[in-house]
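There are 2 protein chains.
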Amino acid sequence: MPTVQPVTIVDVARRAGVSAGTVSNVLTGKRPVAEATRVRILRAIEELGYQPNLLARSLVNRSSNTLGVVTSGLEYYGPSRTLVGIEAQANELGYSLLLDLLHRPDVDDVAAILDDLTARRVDGIIWAVHEVGGNRHWIAPERLRALPPIVFLTMKSRPGTSILSTDNRTGALLATQHLIDLGRRKIALVAGPQDWWEARERLAGWQAALEGAALDVSSRMIVYGDWMPSSGEQALRRLLEAQPDIDGVFASNDQMALGVLRACHFLHRRVPDDIAVVGFDNMPEAEFLWPSLTSVRQRLTELGRGAVQTLHSAIEARGQGSALAPGVQLLTPELVVRESTIGRND
Amino acid sequence: MPTVQPVTIVDVARRAGVSAGTVSNVLTGKRPVAEATRVRILRAIEELGYQPNLLARSLVNRSSNTLGVVTSGLEYYGPSRTLVGIEAQANELGYSLLLDLLHRPDVDDVAAILDDLTARRVDGIIWAVHEVGGNRHWIAPERLRALPPIVFLTMKSRPGTSILSTDNRTGALLATQHLIDLGRRKIALVAGPQDWWEARERLAGWQAALEGAALDVSSRMIVYGDWMPSSGEQALRRLLEAQPDIDGVFASNDQMALGVLRACHFLHRRVPDDIAVVGFDNMPEAEFLWPSLTSVRQRLTELGRGAVQTLHSAIEARGQGSALAPGVQLLTPELVVRESTIGRND
DNA sequence: AATGGCAGTTAAAACGTTTTAATTAATTTT
DNA sequence: AAAATTAATTAAAACGTTTTAACTGCCATT
């Protein structure tokens, strides 16, 4: 059952009474071809149902029009949303996407993945793996220069690399300042794991805002969670035991904020009357909790799009023998105010 | 700046004092090669930092070891979780993944995507696009037979195709039966859009359970939502206006259940004392709402893995000239019982 | 002592494109 | 009318692999 379809460019050429090169010319449009023969060729293509073999084309072009995307945590909102942006932009620029997932970022074999990607001759790589833990496998610098252009998402700055990220510090500062502006004076932080760069940045933003208002930033006001809701719930219980008069909480992500709200419910603290709560990420559910959750919105799809754009420029640049100046691009997030800080407004 | 790495198999061959064919033999392991020369070749590979060009290999093998994945709604939990399963299984079987996203499933050009996938000579395709709307572009049957093997996820049965799906009907039946077992007698349904196959199946499951207990399944007990939380909230308000004595609700997904819980909160109906609520999907947040949400868990990663396994079998079968019998595989979901039906248990 | 088989190797032919350099035909310039 | 230019086309050489078929030696059969 040869469902395979062996119709090749020379089949088309033969039927159109022309050479393969000419067919290629109308396909790529790189060289002029007489109108009469062009229509003859197009008809032949149509009649035979010819489809070019991109593998062969890539082989001679030394370029596959493909980007490799390495990411992790796709089951969470942030990474998957970013991937959507990456895909959309890649599509618009004519790239296909080769997807690799790190299921356990601290353990998985990065080298093997990079090998496969280069073996498949991707034109560029987007590295969207969260920095987690200290013993995580990193791309060795000497390896880096043997790779195609690469852009890093949400990652600590490294010399010689291109990086895109949300400005986590400013986001946290916006959130905390909002609480201060509402008159809150004892504002606790539910922090993320400090081996994540994002977590450290958000802590720094919280701290900066409070220091600007001369409020308490001592370690009594901080509890560390693990990004998960349950840790947020526990965090608030611990905080309230030690500091019963806390009137504001900034949780470093929405999941932990969820836990905070849950704890408030069972501890009979009214939100926002007794305690105002702000999260970070603006996940889709934030709007529909009770009370709905004030949160910091990252422009995730723009982040993904920006990564592809930067990568595209780098690819073009290298194609012309030059290199693109590496650097850090920060996207400023915005605060979305809801019931958890200003109460019901209906 | 020629960062390109032109080291090819014949470079290796030359350095090892051997022909290209022999190098290929040690690479593929398909034919025996003397131990002495093997080590010589391996050393040459090492020293030159040779990396095989998979494009060239694919060209001659007529197989790219790549699967195309077409999906949509990646920003939601279900599709992204499924993708994780797909990727994991694909990886284990040695496939890479070419990812295509439909951003607007009812509008996007399916033909162009299929063209690109076949042009790139993928070995198989996983079609994980939700069936939505009637005027959505569908893969034309005559096109289907010119494509590589293809597996459909979460889609209505079609003759001659392989399909994997959660058994939505049974899941809905489990959920509703649970409410009945708890003694609830007026059990409403917040249904999904009826142009989705999943939505119709879940309605059928609800109906079957209630009919088994001789309870009211009239249209008064049904409100149709759009999967979003706000529609769930509105739905409950409408239901309670007409039927104030409703004591149980099955929402066709967790998002709408979220809206139902929110409405209950603001309408001062206690959950589960006054109204017991069950959702569908078991999204990560379900566990941490207040009350936590009883829900139906789909085995999403297994769904993804199963799709790849089925596809792999089909590819192997076609490689041997035979075809795999198409069919439908249903994965039975399970009920996760939480506070929204049985109350707080601490 | 011839035959056969086997293990290892290789030269050359694919795979399906694009590109280069050459060739032809048509058109313009002198 | 010859020469020079331009426009289309083509044959052949890439691109980097695998595979086929042929060719060695060498050893074991008879």
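Sequences listed follow chains A and B, in order.
End of the first sequence sits at 353 in the numbering used here; the numbers just go up one at a time, nothing left out.
End of the second sequence sits at 353 in the numbering used here; the numbers just go up one at a time, nothing left out.
All C-beta atoms in this analysis are idealised placements derived from N, C-alpha and C, irrespective of residue type, glycine included.
Remember, it's a predicted structure, so these values are computed and weren't measured experimentally.
Original post:
What residues of chain A sit near His319 of chain B, judged by a beta carbon separation below 8 angstroms?
Top reply: The residue given as residue 319 of chain B occupies position 312 in the second sequence. Result: empty, since nearest Cβ-Cβ is about 17 angstroms, beyond 8 angstroms.
Subject >> For Gln305 of chain A and Tyr84 of chain B, the rounded distance between their alpha carbons >> reply: Residue numbering aside, residue 84 of chain B sits at position 77 when the second sequence is read from its first letter. Residue numbering aside, residue 305 of chain A sits at position 298 when the first sequence is read from its first letter. Those two C-alpha atoms are separated by around 18 angstroms.
Original post:
Do Leu296 of chain B and Leu274 of chain B have their CB atoms nearer than 8 angstroms?
Top reply: For the purposes of this step, residue 296 of chain B is taken as residue 289 along the second sequence, with counting starting at 1. For the purposes of this step, residue 274 of chain B is taken as residue 267 along the second sequence, with counting starting at 1. Cβ distance not < 8 angstroms, so Leu296 of chain B and Leu274 of chain B don't count as in contact.
Original post:
If we count the other Cβ atoms within 10 Å of its Cβ and call it buried at 16 or more, is His110 of chain B buried or exposed?
Top reply: Looking up residue 110 of chain B in the second sequence gives position 103. Looking at its Cβ environment, which holds fewer than 16 other Cβ atoms inside 10 Å, His110 of chain B is exposed.
Original post:
Which chain B residues are close to Gln58 of chain A, counting only those with a beta carbon under 7 angstroms from its beta carbon?
Top reply: Indexing the first sequence from 1 puts residue 58 of chain A at position 51. Chain B residues near Gln58 of chain A: Asp122, Thr125 and Ala126.
Subject >> Own chain residues within Cβ distance below 7 angstroms of Leu210 of chain A, not counting five before or after >> reply: Taking the first sequence and counting its residues from 1, the one referred to as residue 210 of chain A is at position 203. So the list reads Leu196 and Ala198, once near-sequence residues are dropped.
**OP:** Find the residues of chain B that neighbour Gly266 of chain A, judging by a C-beta separation of less than 9 angstroms, and give them in chain order.
**Re:** Counted from its first residue, the first sequence places residue 266 of chain A at position 259. In chain order: Phe295.
Subject >> Inter-residue spacing [alpha-carbon to alpha-carbon] between Ser259 of chain A and Val114 of chain A >> reply: As a working note, residue 259 of chain A is residue 252 in the first sequence. As a working note, residue 114 of chain A is residue 107 in the first sequence. Their Cα atoms are separated by approximately 25 angstroms.
**OP:** Go through its chain and collect everything with a Cβ distance to Gly141 of chain B's Cβ below 7 angstroms, but skip five positions before and after it.
**Re:** Counting from one through the second sequence, the residue named residue 141 of chain B turns up at place 134. Note on Gly141 of chain B: pLDDT 49, under 50, position unreliable in the model; the coordinate value appears next. Closer than 7 angstroms at Cβ, skipping near neighbours: Asp202.
**OP:** Check the Cβ-Cβ distances between Leu55 of chain B and every residue of chain A, and say whether any is below 8 angstroms.
**Re:** Stepping through the second sequence from its first residue, residue 55 of chain B is reached at position 48. Chain A contact via Cβ: absent.
Original post:
So is Val303 of chain B buried or exposed if we call it buried at 16+ other beta carbons inside 10 Å?
Top reply: What you label residue 303 of chain B is simply residue 296 of the second sequence in a count that begins at 1. Answer is buried; the Cβ neighbour count reaches 16.
Original post:
Bridge partners of Leu338 of chain B, per DSSP?
Top reply: Position 331 of the second sequence, counting from 1, holds the residue named residue 338 of chain B. In DSSP, Leu338 of chain B forms a bridge with B:Thr173.
Subject >> Neighbour list for Glu82 of chain A in chain B, Cβ cutoff strictly below 8 angstroms >> reply: Within the first sequence, the letter at position 75 stands for residue 82 of chain A. The answer, in chain order, is Tyr84, Ser87, Arg88, Val91 and Pro291.
Original post:
With a cut-off of 8 angstroms, does the C-beta of Phe273 of chain B fall near any C-beta of chain A?
Top reply: Counting from one through the second sequence, the residue named residue 273 of chain B turns up at place 266. Judged by the 8 angstroms Cβ criterion, Phe273 of chain B is in contact with chain A.
**OP:** Tell me, please, whether the stretch 76 to 93 of chain A touches the stretch 30 to 42 of chain A by the rule of three or more beta-carbon pairs shorter than 8 angstroms.
**Re:** no
Original post:
Which stretch, first to last residue, makes up the alpha helix (DSSP H) that contains Leu196 of chain A?
Top reply: Here residue 196 of chain A corresponds to residue number 189 of the first sequence, with the count starting at 1. Looking at the DSSP string, Leu196 of chain A is not in any alpha helix (DSSP H); the run it does join, the beta strand (DSSP E), is Ile194 to Ala198.
Subject >> Short CB-CB distance (under 8 angstroms) between Ala63 of chain A and chain B >> reply: Locating residue 63 of chain A in the first sequence gives position 56, where the first residue counts as 1. Closer than 8 angstroms: yes.
**OP:** Please check if any C-beta of chain B sits within less than 8 angstroms of the C-beta of Arg269 of chain A.
**Re:** One-based indexing of the first sequence puts residue 269 of chain A at position 262. Arg269 of chain A counts as touching chain B.
Subject >> Beta-carbon gap between Leu61 of chain B and Val19 of chain B smaller than 8 angstroms >> reply: The count along the second sequence starts at 1 and reaches residue 61 of chain B at position 54. The count along the second sequence starts at 1 and reaches residue 19 of chain B at position 12. For Leu61 of chain B and Val19 of chain B, no; Cβs fall outside 8 angstroms.
**OP:** Give the range of the alpha helix (DSSP H) segment to which Trp234 of chain B is assigned.
**Re:** In the second sequence, residue 234 of chain B corresponds to position 227, counting from 1. No alpha helix (DSSP H) holds Trp234 of chain B; DSSP gives it neither H nor E.
Original post:
Do you know offhand how far Ser237 of chain A's Cα is from Gly266 of chain A's?
Top reply: In the first sequence, counting from the first residue as 1, residue 237 of chain A sits at position 230. In the first sequence, counting from the first residue as 1, residue 266 of chain A sits at position 259. Whole-angstrom Cα-Cα distance: 6 angstroms.
Original post:
Which word fits Asn175 of chain B, buried or exposed, when buried means at least 16 other C-beta atoms lie within 10 angstroms of its C-beta?
Top reply: In the second sequence, residue 175 of chain B corresponds to position 168, counting from 1. When all chains shown are included, Asn175 of chain B counts as buried.
Subject >> Pair within 8 angstroms by beta-carbon distance, Ala27 of chain B and Arg47 of chain B >> reply: Position 20 of the second sequence, counted from the first residue, corresponds to residue 27 of chain B. Position 40 of the second sequence, counted from the first residue, corresponds to residue 47 of chain B. In this structure, Arg47 of chain B does not lie closer than 8 angstroms to Ala27 of chain B by Cβ.
Original post:
Cα separation between Gln327 of chain B and Arg345 of chain B?
Top reply: Residue 327 of chain B sits at position 320 when you count from the first residue of the second sequence. Residue 345 of chain B sits at position 338 when you count from the first residue of the second sequence. In this model, Gln327 of chain B and Arg345 of chain B are separated by some 50 angstroms (Cα to Cα).
Original post:
Hey, would you say Pro279 of chain B sits closer than 8 angstroms to Ile349 of chain B, going by beta carbons?
Top reply: As a working mapping, residue 279 of chain B is identified with position 272 in the second sequence. As a working mapping, residue 349 of chain B is identified with position 342 in the second sequence. Yes, they are a contact pair.
Subject >> Supposed contact pair Val129 of chain A and Thr73 of chain A - C-beta distance, whole angstroms, cut 8 angstroms >> reply: On the first sequence, position 66 is the one that residue 73 of chain A refers to. On the first sequence, position 122 is the one that residue 129 of chain A refers to. Between Val129 of chain A and Thr73 of chain A the Cβ distance is about 5 angstroms, and since that is below 8 angstroms, they are a contact.
Original post:
Of all Cβ atoms in chain A, is any one closer than 8 angstroms to the Cβ of Pro279 of chain B?
Top reply: Walking along the second sequence from the start, residue 279 of chain B turns up at place 272. No, Pro279 of chain B does not count as interfacial toward chain A.
Original post:
Does the beta carbon of Val77 of chain A come closer than 8 angstroms to any beta carbon on chain B?
Top reply: Here residue 77 of chain A corresponds to residue number 70 of the first sequence, with the count starting at 1. No, because no Cβ of chain B sits closer than 8 angstroms to the Cβ of Val77 of chain A.
**OP:** Label Gly313 of chain B either buried or exposed according to how many other C-beta atoms from any shown protein chain fall within 10 Å of its C-beta, with 16 as the threshold for buried.
**Re:** In the second sequence, residue 313 of chain B corresponds to position 306, counting from 1. So Gly313 of chain B ends up on the buried side.
Original post:
Quick one: does Pro236 of chain B have its CB under 8 angstroms from some CB of chain A?
Top reply: Working through the second sequence from its first residue, we reach residue 236 of chain B at position 229. It does; some Cβ of chain A falls within 8 angstroms.
**OP:** At 7 angstroms on the CB atoms, spell out the chain A contacts of Leu106 of chain B, in chain order.
**Re:** Against the second sequence, residue 106 of chain B aligns to sequence position 99. Simply Glu94, Leu104 and Leu106.
**OP:** For His110 of chain B, decide whether its Cβ has a neighbour in chain A, counting only Cβ atoms nearer than 8 angstroms.
**Re:** For the purposes of this step, residue 110 of chain B is identified with residue 103 of the second sequence, where counting begins at 1. Yes, its Cβ sits closer than 8 angstroms to a Cβ of chain A.
Subject >> Span separating the alpha-carbon of Trp234 of chain A from that of Gln214 of chain A >> reply: Position 227 of the first sequence holds residue 234 of chain A. Position 207 of the first sequence holds residue 214 of chain A. Their Cα atoms are separated by approximately 19 angstroms.
Subject >> Rounded straight-line distance, which links the Cα of Val315 of chain B to that of Ala332 of chain B >> reply: Taking the first residue of the second sequence as 1, we reach residue 332 of chain B at position 325. Taking the first residue of the second sequence as 1, we reach residue 315 of chain B at position 308. When rounded, the distance between both Cα atoms is 16 angstroms.
Original post:
What does Ser71 of chain B reach in chain A if we use C-beta pairs closer than 7 angstroms?
Top reply: As a working note, residue 71 of chain B is residue 64 in the second sequence. Within chain A, the residues placing a beta-carbon under 7 angstroms from that of Ser71 of chain B are Leu62, ordered along the chain.
Original post:
Is the CB of Leu338 of chain B under 8 angstroms away from at least one CB in chain A?
Top reply: As a position in the second sequence, residue 338 of chain B is number 331, starting the count at 1. Not an interface residue.
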